[in-house]
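Participant:
Numbering (our numbering), first residue to last: 2 to 404.
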């Protein structure tokens, strides 16, 4: 019988990769908590309409990539392709848009997009994200950027920060009209020709080299901002400068989703390919309104975790890891009791089988234990346990009650 394999684009996270995954989540969660964000978990399965209305039917995510199906109750549902829309749905459903004040959430978990699997890009992938509601100040945009910077630095990841402004409902429509007029005279790829009709600013983000050449003289949104958007963008740059955050203004930086306005940013790294984005986000002041709620300023970001794992640098583990084993049949119950006791304060490994000294010693070293403790016939008779510090080679026999 043929073995069942994981689906294409789906990947197990295990062993060393699992340790890196947990290390990243732990660091990111602690930093988000220090910045005033609280943990939130939303369902993996949502109504398809949520993403069509938020992400936009013109986006590649909705048009090509969603895991969408009709369930047994005849509901049109899909596995979430991104995290922000579900958080906004929760925000409105619980009437938090009418409660006033600010709300800040962080989350992590699996997302699903049916796209061509490649290095660092899977059909099931995990994101860590934060969403901040109720704060219109550009200082919150800067706050989010500083938090991402701290998260990446905490796990030893280098980056370059790119920023742009996408304008607002006042300055974006005339800019789009100006851009479309310019684009119609260019020789662009098939995707760009489609986007001119559906979402023209996405053309600026095309990765096709020939399109990049054609777009060199395209009009820039930063040259067409209204007074308020221009003031906010200049203020953001001043705040980042004052706090020692290096950045580049990338006038072709857009977001792949329709709900972003004003500040847009990406953190990129050349360690996983040419200028690959490792985190991105921005301001989306109109999304709550798009989904039927009261207009609420908001800003957030997401980090794709799988893309980062090979870059995460964990410090050398200085934690004491104890391996406890039995060398005779009568010692197994005593060993089990000692394991249960020591696990209240230490990481403890064990082997339920009775083994020789040599085999236990090999097992302890393979599992990176720092201390090995064994009970054989002599120790069982004398009520002691043999203990050795593997790093210093110091060994002793202790009364079992003192271990």
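C-beta atoms are modelled at their ideal positions from N, C-alpha and C, and glycine is treated no differently.
(1) For residue 385, which residues of its own chain have a beta-carbon under 7 Å away from its beta-carbon, when the five flanking residues on both sides are left out?
(2) Which one or two residues does DSSP pair with residue 348 in a beta bridge?
(3) Count the other CB atoms, across all protein chains shown, that sit within 10 Å of the CB of residue 265; report buried if there are 16 or more and exposed otherwise.
(4) Within 10 angstroms of its Cβ, does residue 132 collect 16 or more other Cβ (buried), or is it exposed?
(5) Okay, do the stretch 288-304 and the stretch 130-150 touch, 3+ Cβ pairs below 8 Å being the bar?
(6) Helix, strand or coil for residue 397 per DSSP?
(7) List the endpoints of the continuous alpha helix (DSSP H) containing residue 26.
(8) For the stretch 53-99, which segments carrying the alpha helix (DSSP H) assignment without a break, of at least 4 residues, lie completely within its bounds, in sequence order?
(9) Looking only at its own chain, which residues have a Cβ that is under 7 Å from the Cβ of residue 98, when we skip the five neighbours before and after it?
(10) Could you check whether residue 125 and residue 438 sit closer than 7 Å to each other, using their CB atoms as the reference points?
(11) Tell me, please, whether the stretch 234-248 touches the stretch 139-159 by the rule of three or more beta-carbon pairs shorter than 8 Å.
(12) Counting Cβ pairs closer than 8 Å, one from the stretch 103-120 and one from the stretch 29-40, do we hit at least three?
(13) Closest to residue 346 by C-alpha separation, out of 356, 320, 355, would be which residue?
(14) Please classify residue 329: does DSSP put it in a helix, a strand, or coil?
(15) How about residue 325 and residue 340: do their beta carbons lie closer than 7 Å?
(16) Could you check where the beta strand (DSSP E) with residue 112 kicks off and where it finishes?
(17) Please confirm if the stretch 208-228 is in contact with the stretch 179-196, defined as three or more CB-CB distances below 8 Å between the two stretches.
(18) State the DSSP-derived secondary structure class of residue 130, mapped to helix, strand or coil.
(19) Considering just the uninterrupted stretch of the beta strand (DSSP E) at residue 211, what are its terminal residues?
(20) Please state the DSSP three-state secondary structure of residue 299.
(21) Is residue 188 near the ligand FMN, going by C-beta to nearest heavy atom under 6 Å?
(22) Would you report the Cα separation of residue 353 and residue 315, rounded to the nearest angstrom?
(23) What is the rounded straight-line gap between the Cα of residue 142 and the Cα of residue 261?
(24) Using the three-state DSSP reduction, which class does residue 138 fall into: helix, strand or coil?
(25) Applying the 10 Å Cβ sphere with the 16-neighbour rule, what's the burial state of residue 378?
(26) Taking the alpha-carbon positions, what's the residue 196 to residue 282 distance?
(27) Taking Cβ positions, are residue 90 and residue 51 nearer each other than 7 Å?
(28) Determine the DSSP secondary structure at residue 379, reduced to helix, strand or coil.
(29) Identify the continuous beta strand (DSSP E) that holds residue 195 and give its terminal residues.
(30) If you draw a straight line from the alpha carbon of residue 115 to that of residue 123, how long is it in whole angstroms?
(31) In this structure, how does DSSP classify residue 162 when only helix, strand and coil are distinguished?
(32) Whole angstroms is fine: what's the gap from residue 372's alpha carbon to residue 45's?
(33) Check residue 236 in the structure and name its three-state DSSP category.
(34) Identify the residues that DSSP records as bridge partners of residue 268: which are they?
(35) Rank 254, 161, 160 by C-alpha distance to the C-alpha of residue 435 and give the top, closest one.
(36) Rounded to whole angstroms, what is the Cα-Cα separation between residue 128 and residue 240?
Facilitator: Let me lay it out:
(1) Cβ within range, chain order: 398, 399, 400, 401.
(2) According to DSSP, residue 348 bridges with 322.
(3) Looking at its Cβ environment, which holds 16 or more other Cβ atoms inside 10 Å, residue 265 is buried.
(4) In the assembly as shown, residue 132 is a buried residue. Its beta-carbon has 16 or more other beta-carbons within 10 Å.
(5) Yes, they touch.
(6) Reduced to three states, the DSSP call for residue 397 is strand.
(7) Where residue 26 is concerned, the enclosing alpha helix (DSSP H) stretches over 16-35.
(8) Runs found: 85-94.
(9) Once the five neighbours on either side are set aside, the close Cβ partners of residue 98 are 92, 289, 294, 295, 297.
(10) Nothing in the structure corresponds to residue 438, since the chain is present only between 2 and 404.
(11) Under the Cβ criterion (8 Å, minimum of three pairs), the stretch 234-248 counts as touching the stretch 139-159.
(12) Segments in contact, yes.
(13) Minimum Cα-Cα distance from residue 346 among the listed residues 356, 320, 355 corresponds to 320.
(14) For residue 329, the three-state secondary structure derived from DSSP is coil.
(15) Taking 7 Å as the Cβ cut-off, residue 325 and residue 340 qualify as a contacting pair.
(16) 104-113 is the extent of the beta strand (DSSP E) around residue 112.
(17) Contact annotation: the stretch 208-228 touches the stretch 179-196, with at least three C-beta pairs closer than 8 Å.
(18) Residue state for residue 130 is assigned as strand, using DSSP reduced to three classes.
(19) Careful: residue 211 lies outside any beta strand (DSSP E), inside the alpha helix (DSSP H) at 210-215.
(20) In the three-state scheme derived from DSSP, where H, G and I count as helix and E and B as strand, residue 299 is classed as strand.
(21) Ligands are entirely absent from the displayed structure, and the ligand FMN is therefore not among its contents.
(22) When rounded, the distance between both Cα atoms is 31 Å.
(23) Near 13 Å, if we compare the C-alpha coordinates of residue 261 and residue 142.
(24) Here residue 138 sits in coil by DSSP.
(25) With fewer than 16 other Cβ atoms within 10 Å, it is exposed.
(26) Their backbone Cα atoms lie some 21 Å apart in a straight line.
(27) Yes. Within cutoff.
(28) Residue 379: helix per DSSP, three-state reduction.
(29) First-last for residue 195: 191-199, but that is the alpha helix (DSSP H), not the beta strand (DSSP E).
(30) Approximately 8 Å, taken between the alpha carbons.
(31) Per DSSP, reduced to three states, the secondary structure at residue 162 is strand.
(32) Answer to the nearest angstrom: the Cα atoms are 42 Å apart.
(33) DSSP places residue 236 within a helical segment (H, G or I) once states are collapsed to three.
(34) Note: residue 268 sits in a beta bridge opposite 162, 280.
(35) Past the boundaries of the shown model lies residue 435; the chain is included only from 2 to 404, so the question cannot be answered.
(36) Distance from the CA of residue 128 to the CA of residue 240, rounded to the nearest whole angstrom, comes to 27 Å.
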